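*Asks:* Quick one: the structure is below, questions incoming.
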Amino acid sequence: MQIRRALASAPVAAPHPDPDALAAVASRAIGAEVTIEAIRRLSGGASRETWAFDACTPAGGRHGLVLRRDPSRHAGASDRSTEYRLLAAAGAAGVPVPRVRALLEPADGLGSGFLMDRVEGETIPRRILRDDAFAAARPVLARQCGAIAAAIHAVPAGSLPPLPVQDAAGQVAQYRALLDGFGEPHPAFELGLRWLADHAPPPPERPALVHGDFRNGNLVVGPDGVRAVLDWELAHLGDPVEDLGWLCVRSWRFGNTARVVGGFGDLDDLLDAYAAAGGGAVDAEHVRYWVALGTLKWGVICIAQAFTHLSGTVRSVELATLGRRVAETEWDLLDVLDGGW
Amino acid sequence: MQDRPTAAELVAAVREWIEHDVVPATEGRLAFHARVAANALGIVERELTADAAFTAAQRERARALLGHDGPAAELERELAARIRDGSLDGRLDEVREHVRRTVREKLAVANPGYLPDAARP
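Now the structure itself:
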């Protein structure tokens, strides 16, 4: 098993990080002289890379590590040091995350990024939902996600790096503008935008840390259940129910439509565990609002991916076909607007 | 008038070659992209066969809603704008019915397996 899916949407070619430079940082992180073995690219696009490798000590010790980096920062690339500080704060607050080990410094010569422990487990949703190895984990995942979400939303604000505040109304406006930029009519999304503007929940009394991409696919799962939450680069401050809704977006059920939570669990389990872990009572209709917004967001992102191909930025049959998956999100959104899940 | 195979039949031939010969002979990223490519050709096959009827039906519904005719794409653009500006708010049930049908027709081409059994064409 691997911690990140060896992305079918393969990483764009990138030079391997310099092994000597990596060994120096890993030695600092581990506190022993190490050599680097088994380095391999896990995922990432043009602006961001994730590499797995083993740091090996002369005594035969082997430490699984992950390098997250932006080889050359450019406009729009998220700041790896923010992610590092976020992971440290979340870990200190009891959220299961990979332990961060070292922040890269300019003198390291490896770009902007950090090292963290590699958490063994599975992230590929279809395997988590179907493989026998996770049969015992599946019934507990929804409750675990509820408890983890409560822990994320309780991370003390004072321990966090500066993060943007994003409320529902602001996100609706943002995605409306993004949609307009493509110039393609989507009446289903227009119906959604109207509904979302009319039903936006009031801003939370106290904005909480929101993971921003809390879903099946960003969870490292073992036979025992969730071991770590990955991919924090969309984290912001806002309405904590956003994370619960995003977890329930139908696109992340990977065919297990009847299981509302990630394709593996039921909403009652998620919300009960969330309340029991201190997250507070959450109205299912409040979750459904964020499911609707999440569905629209994913649909607009699919359009954006198709236009990444159509504009010639990245020519790719995979990106092109995402444009024809938009109708799936339109269908799902209409169901949610009709009161469905 | 072209000879057989028709466009849809030619696309099907290429899709079958990818599915039967290319996918089993490749692995990893290449096999994945071969499956994506075969899936894309399946969309083209369904569109060549069914889309004229879908577009005609969509245009007729939009004409009834908007009160004038035009190319289907232009009517859809006007519909989107009028949902946004609220000028169709008095007829939202009709609008929803039209939009639901249009999305169903798009899915019947793009991914019929996504539709619940009762909604399949």
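Chains as they are written, first to last, in this note's numbering: chain C, 1012 to 1352; chain B, 66 to 186. Cβ atoms here follow ideal geometry from the backbone N, Cα and C, with glycine treated the same way. All of these numbers come straight from a predicted model, not from anything done at the bench.
1. Output, in chain order, the set of chain B residues within a Cβ distance shorter than 8 Å of Trp-1342 (chain C).
2. Does the beta carbon of Ala-1086 (chain C) sit closer than 9 Å to a beta carbon anywhere in chain B?
3. Please report the residue range of the alpha helix (DSSP H) in which His-1210 (chain C) lies.
4. Pick helix, strand or coil for Ile-242 (chain B), following the three-state DSSP scheme.
5. Chain B beta carbons: is any one of them nearer than 9 Å to that of Ala-1180 (chain C)?
6. Thinking Ser-1038 (chain C) and Arg-1080 (chain C) are a contact (beta carbons under 8 Å), I'd like their distance in whole angstroms, please.
7. Take the Cβ of Leu-1330 (chain C) as the centre, count every other Cβ of all protein chains shown within 10 Å, and call the residue buried at 16 or more, exposed below.
8. At the 9 Å Cβ level, is Phe-97 (chain B) part of the contact set with chain C, yes or no?
9. Please state if the CB of Phe-1225 (chain C) and the CB of Leu-1258 (chain C) are separated by a distance shorter than 9 Å.
10. Could you tell me whether the stretch 1301 to 1316 of chain C touches the stretch 1256 to 1271 of chain C, where touching means 3 or more Cβ pairs closer than 8 Å?
11. Does the count of Cβ pairs from the stretch 1278 to 1294 of chain C and the stretch 1158 to 1167 of chain C closer than 8 Å reach three?
12. Could you check what DSSP says for Cys-1259 (chain C) in three-state terms: helix, strand or coil?
13. If you count every other CB in all the chains shown that lies within 10 Å of the CB of Leu-95 (chain B), and 16 or more means buried, which is it?
14. Would Leu-1126 (chain C) pass as a contact of Ile-1139 (chain C) if the rule is Cβ separation under 9 Å?
15. Pull up the CB-CB distance for Arg-124 (chain B) and Leu-140 (chain B), whole angstroms please, since I reckon it's below 8 Å.
16. Can you check whether the CB of Val-1347 (chain C) is closer than 9 Å to the CB of Arg-1299 (chain C)?
17. Say whether chain C places a C-beta atom closer than 9 Å to the C-beta of Leu-75 (chain B).
18. If you draw a straight line from the alpha carbon of Ala-103 (chain B) to that of Phe-119 (chain B), how long is it in whole angstroms?
19. Mind pulling the chain C residues with CB within less than 8 Å of Val-101 (chain B)?
20. Label Gln-1185 (chain C) either buried or exposed according to how many other C-beta atoms from any shown protein chain fall within 10 Å of its C-beta, with 16 as the threshold for buried.
21. Nearest to Thr-1046 (chain C) by CA position, among C:Arg-1059, C:Ala-1219, C:Val-1325 and C:Ala-1070, is which residue?
22. Which term fits Ala-1094 (chain C), buried or exposed, when burial requires 16 or more other beta carbons within 10 angstroms of its beta carbon?
*Replies:* On the basis of the supplied data:
1. Val-168, Arg-169, Leu-172, Tyr-179 and Leu-180
2. Summary for Ala-1086 (chain C): the model assigns pLDDT 36, below 50, so the residue's position carries little reliability; its value from the coordinates is reported in the next sentence. At a cut-off of 9 Å between beta carbons, Ala-1086 (chain C) makes no contact with chain B.
3. 1198 to 1210
4. In the structure as shown, chain B starts at 66 and stops at 186, and residue 242 (chain B) therefore has no counterpart that could be examined.
5. no
6. That belief does not hold up - the Cβ atoms of Ser-1038 (chain C) and Arg-1080 (chain C) are roughly 17 Å apart, past 8 Å.
7. buried
8. yes
9. yes
10. Three or more pairs of CB atoms, one per stretch, sit closer than 8 Å, so the stretch 1301 to 1316 of chain C contacts the stretch 1256 to 1271 of chain C.
11. yes
12. coil
13. It is exposed - the Cβ of Leu-95 (chain B) has fewer than 16 other Cβ atoms within 10 Å.
14. no
15. 6 Å
16. yes
17. no
18. Distance between the alpha carbons of Ala-103 (chain B) and Phe-119 (chain B) is about 23 Å.
19. Val-1328, Glu-1329 and Thr-1332
20. It counts as exposed.
21. With distances taken between Cα atoms, Thr-1046 (chain C) lies closest to C:Ala-1070.
22. One point to set straight first is that residue 1094 (chain C) is Glu, not Ala, in the sequence displayed. Flag for Glu-1094 (chain C) reads buried.
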